[in-house]
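Worksheet: the structure to be examined is printed underneath.
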Amino acid sequence: MKSETFEGFCRRFEHEEVCMEAFAKARWPNGFRCPRCGHGHAYPIQTRRLPLYECRNCSHQTSLVAGTVLEGSRVPLRKWFRAIFLYFQPGGISTVRLSRMLGITYKTAWLMGHKIRHAMSTKDSLRKLTGLIRITPGRYGRVYNPTAFRHPQEHPVLIGASLTANGQAKYVKIKQVMSEDILIRSAGYGGLMKFIKTHAKNEAGEIISDLNRPLGERSKLLSHLGKAAFNWLNGTFRGIGPKHLQLYLDQFCCYENSRTRRQEISNQGLAYCSEMKRITLRQLVARPALIPVTAEYDRVMRLERSNGRSGSRGRSAS
Ligand SMILES: [Zn+2]
């Protein structure tokens, strides 16, 4: 299938009415469903902006975007559509570019980006790795250090995938390892157990872990995927800090996992954003980092700064 160009997409969704219709179709592919009672019929209520529906059974009123990623946003639908299209393109788009392309402020573009990313991430959390699973460790951030301590900008991750019989990745997940699971510099056994418990459905499946294997015997496919993700983070976004790193990793995996699907990517984006709930600015800001910066990391950072070596090392490590 030839994928649609951005220009073509913009022409197709130039008017709010067309966007409304498409969003309603993405949200209710089999026709309206009352979110309260599940009834299939509603009276449309005309409003100035987005359509409102009143359930014929329970009289509950719901707007087109209530309960979706777009809830509470004043940005016109056509701009949301464009943002969703651009975010779902392999490689995504930086906040600065998005704000320029849509003629919106940086802050609005940043929040929209995070909301779309949150939808990708939530969708991923609903799916587990199955069948033959391979898991390999990786590290995002700086190459550091002969000592036992993790550098503050070094983030251990586990890269896991369901594999086909001929060793191709069917579905990929890259997950940050939580602070309590970090054993010195490796991703840690505790982290592996948690990864399997959270992200894999291993009944009748086989799980191969590379955690205790030497570098040369680890999965090249998964190590490459990890490196591709880290290069993308550094190239497109100039590096990502620990707080939102997981969301960006999920975004990368969303692209990887879309390659094998036939659905037009913009349709998939609309489906995700109509199906998933929004995250608010307050929730985003309040979310704690998976790996808190401890006193020891602070000490290392201060030491580096006073030695004037900050930034002298490569940002991406395997
Ligand atoms: Zn109802």
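In terms of this note's numbering, the sequence shown opens at residue 500 and continues consecutively.
We put the CB at the ideal spot given by N, CA and C, even for glycine.
Quick check: what's the CA-CA separation for A523 versus R548? 14 Å
Going by CA-CA distance only, name the one from A565, R786, G591, K627 that's closest to T697. K627
Inter-residue Cα distance where the pair is L569 and T663: 36 Å
Run the CB neighbour count on P655, radius 10 Å, all protein chains shown included, and call it buried at 16 or more, exposed below. buried
Quick one: which unbroken beta strand (DSSP E) runs of 3-plus residues sit fully inside the stretch 552 to 590? Chain order, please. 560 to 562
Going by the DSSP bridge assignment, what does S661 pair with across the sheet? I632, Y670
For F694, tell me which candidate among R573, R532, G715, P636 has the shortest Cα-Cα distance. Nearest neighbour of F694 by Cα position, chosen from R573, R532, G715, P636, turns out to be P636.
What do you reckon, is the C-beta of R493 under 7 Å from a heavy atom of ligand 1? The displayed coordinates of the chain run from 500 to 817. Any statement about residue 493 would go beyond what the structure contains.
Under a three-way DSSP split, which group does V676 fall into? Here V676 sits in coil by DSSP.
Minimum C-alpha distance to T561 - residue among S661, C533, H538: T561 has its Cα closest to that of C533, out of S661, C533, H538.
Report the CB separation of L691 from L710 in whole angstroms; it is logged as a contact under 8 Å. 6 Å
Determine the closest residue to A582 out of G566, C557, Y605, with distance taken between C-alpha atoms. Y605
Taking a cut-off of 5 Å, which residues have a beta-carbon closer than that to any heavy atom of ligand 1, in chain order? C533, R535, C536, H538, C554, N556, C557, H559
Bounding residues of the beta strand (DSSP E) (the contiguous stretch that carries I603): Going by DSSP, I603 is part of no beta strand (DSSP E) at all; its letter is neither H nor E.
Only counting the same chain, and skipping five residues up and downstream in sequence, which positions put a Cβ closer than 6 Å to that of I739? L732, Y747
As a quick exercise: from P741, S572, K578, pick the residue whose alpha carbon is nearest that of E517. Per the sequence presented here, residue 517 reads as Val, with Glu not at that position. The shortest C-alpha separation from V517 is found at K578.
Specify whether the stretch 607 to 616 and the stretch 778 to 785 touch according to this definition: at least 3 beta carbon pairs, one from each stretch, less than 8 Å apart. yes
Quick one: Cα of E503 to Cα of C509, how far? 10 Å
Backbone CA spacing between N756 and K669 [nearest angstrom]: 7 Å
Report yes or no: is there a C-beta of chain D within less than 8 Å of the C-beta of V574? Absent here is chain D; the protein component of the structure consists of one chain.
Going by alpha carbons, who is nearest to V676 out of E653, S661, N665, Q667? E653
Beta-carbon spacing of E515, L597 below 8 Å: By the CB criterion at 8 Å, E515 and L597 fall outside the cutoff.
What is the residue span of the alpha helix (DSSP H) that S502 lies within? That residue, S502, is in no alpha helix (DSSP H); it is neither H nor E in DSSP.
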